[in-house]
Amino acid sequence: MAKIGNIDVGDFPLLLAPMEDVSDPPFRALCKEQGADVVYTEFISSEGLIRDAAKSVMKLDIYEKERPVGIQIFGANLDSMLQSVEIVEASGPDIIDINFGCPVKKVVSKGAGAGILKDIDLMVSLTEAMVKHTKLPVTVKTRLGWDENTIMIKEVAERLQDVGCQAISIHGRTRAQMYKGNADWKPIAEVKNNPRMHIPVFGNGDVDTPERAMEMRDKYGLDGAMIGRASIGYPWFFKEVKHYFKTGEHALPPTMEERVEAARRHLQMAIDWKGEKLGVFETRRHYTNYFKGIPDFKPYRMKMVTSDDSADVFAAFDEVLQKFGDHQFV
């Protein structure tokens, strides 16, 4: 059984990765229903929190049905990070996660996210200070290194553990790779197999089939898998991985009725949480995967991703169910 601090997260837990404009409360609720063991918020700027920026503060919303839930923050300034810990604590999460892995330029240019991989001493000292500043378990999400010439993840993970980090999730790419090429899980396995390591080591990157999740567990010996892109528009992925672990067989894919119902619920929860305009806009990226594999679907998808009126999107869902209701997914 893997444990994050005193939180039992099960045998080889499946974690929903923190994803900007994706892992919000509506989507986290759907993933939790479909078997996600731990869910994380979108990453939140520590500077935005202490400035009381509306978008950052809104991301602190968490709900009982999500637990255990982690709030992820990023930043490179010690004072700002410590102030943000206090703000995050008030929201009552189970875990505080530090983002040391985001590769996007606007984050990296400030020395945050994966930018801190250029200064491992700062990475470790920030983690240590945050651990000392909260009673909640602190975890870290990071990458293998800045580039292929600076991969020191085995040493880095050990140092983070030594200052009190309670679990580490490692994306199997460097910052230089961004999301290109294939994730390399071998260095993550080296972290896990380090006899000095005793905290959970979770793998991330390219876990896009149940077989890949099983490979991460059985071949690489990791403690759990963090699922990102494979879950976008497909919250059933968690359930399907668990079914495969249990039976060795693939679960039947969700029916058209189940897909339409999930898309409807997703959109309605998003509108209820963030309002009509943002609710409609930020669910668009999910529709391709909700309805992937349907022939001649483009006109319906275009309605879903171009309309600014939720009534039009809900009407498109009804049309899809009426026209493709007997479509068999494989």
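Per this note's numbering, the sequence shown runs over residues 24 to 353. For glycine and all other residues, C-beta sits at the position ideal for the given N, C-alpha and C. In this text, all values refer to a predicted model and were calculated from it rather than measured experimentally.
The straight-line gap separating the alpha-carbon atoms of Tyr310 and Arg219 is approximately 44 Å.
For Tyr313, there is no enclosing beta strand (DSSP E); the enclosing alpha helix (DSSP H) has its first and last residue at Tyr310 to Tyr313. In the three-state reduction of the DSSP assignment, Arg196 falls in the coil class, being assigned neither a helical nor a strand state.
Between Ile222 and Leu159, the CB-CB gap reaches or exceeds 7 Å.
Taken through DSSP and simplified to helix, strand or coil, Lys164 comes out as strand. Met24 counts as exposed, since fewer than 16 other beta carbons sit within 10 angstroms of its beta carbon. Beta-carbon to beta-carbon, Asn227 and Gly204 are separated by about 15 Å, too far to satisfy the 8 Å threshold. The three-state reading of DSSP puts Tyr86 in coil, since its state is none of H, G, I, E or B. Annotation: Leu101 to Phe50 spans about 31 Å, alpha carbon to alpha carbon. By DSSP's assignment, Leu38 forms a beta bridge with Val61 and Met249.
A direct Cα-to-Cα measurement between Val45 and Lys326 gives close to 20 Å. In the structure shown, the three-state DSSP call for Lys26 is strand. Residue pairing by DSSP places Ile121 opposite Ile96 and Val163 in a beta bridge. Runs of the alpha helix (DSSP H) spanning 4 or more residues and lying entirely within the stretch 169-194 occur at 176-185, in chain order. For Val224, the uninterrupted beta strand (DSSP E) run begins and ends at Val224 to Asn227, by DSSP. Close CB contacts of Gly302 within its chain, under the 6 Å cut and outside five residues either way in sequence, are with Ala293 and Ile294 (chain order). If you check the CB distance, Val61 and Pro36 come in under 7 Å. In this model, Asp142 and Arg240 are separated by some 31 Å (Cα to Cα). According to the DSSP secondary-structure assignment, Ser68 is paired through a beta bridge with Phe97. Scanning its chain for C-beta atoms nearer than 8 Å, with the 5 sequence neighbours on each side dropped, one finds around Lys177 the residues Pro210, Glu213, Val214 and Asn217, in chain order.
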